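Below: the structure, in structure tokens.
Residue numbers (this note's numbering): 358 to 540.
Take a look at the structure:
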């Protein structure tokens, strides 16, 4: 129960944290993911505009390629960004272990995004310079150099981004356990 007698929110039993911290961390991480996606999609749309104009469904009636890429970045970042933000909030601030400070969590997310992009760029460079796909050809919409490059970048970023997200959550948990029992 809260002070005014109303029932406490369901998540209060999982995390005893101010709403401002929960929202700030969740939407802060989503904001970093969106910023990354926006920059990422801006160079992809210049590399292979058809990646967005032909091989994605029409979105909100947008015809300008740069705005279309930005809109897809927004849409694509919501699920992963908010999910990672919520998971980081509960893993990093919930329970009895010492709470992880926010600054290193944001720094770790930014580092993970840089790692993700570097891996994507490496896959793209491979496809661009060799003219070959990184993944099975069946998952490429067409086999032109710009499209195999953009698709190799995208698929690699999705794969590495998922792995980096899991590693991030494991790192948070380990940090909290070490903070509880310093050597």
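Glycine included, every Cβ here is placed at the ideal spot set by N, Cα and C. All values derive from a computational prediction rather than experimental measurement.
Bounding residues of the alpha helix (DSSP H) (the contiguous stretch that carries residue i)
i           : result
residue 397 : 376–404
residue 517 : 502–537
residue 462 : 459–487
residue 490 : Segment: none, residue 490 is in no alpha helix (DSSP H) and carries neither H nor E.
residue 437 : 422–450
residue 408 : 407–410
CA-to-CA distance, residue j to residue i, given in whole angstroms
i           : j           : result
residue 424 : residue 539 : 49 Å
residue 509 : residue 537 : 42 Å
residue 430 : residue 502 : 23 Å
residue 388 : residue 434 : 9 Å
residue 514 : residue 480 : 9 Å
residue 529 : residue 488 : 40 Å
Under 9 Å between C-beta atoms of residue i and residue j
i           : j           : result
residue 382 : residue 442 : yes
residue 525 : residue 465 : yes
residue 522 : residue 469 : yes
residue 504 : residue 422 : no
residue 477 : residue 533 : no
residue 507 : residue 404 : yes
residue 402 : residue 409 : yes
Cβ neighbour criterion (16 or more within 10 Å) applied to residue i
i           : result
residue 541 : The displayed coordinates of the chain run from 358 to 540. Any statement about residue 541 would go beyond what the structure contains.
residue 411 : exposed
residue 500 : exposed
residue 445 : buried
residue 491 : buried
Below-9 Å beta-carbon distance, residue i vs any chain D residue
i           : result
residue 477 : Checking the listed chains, one finds no chain D in this structure; it contains a single protein chain.
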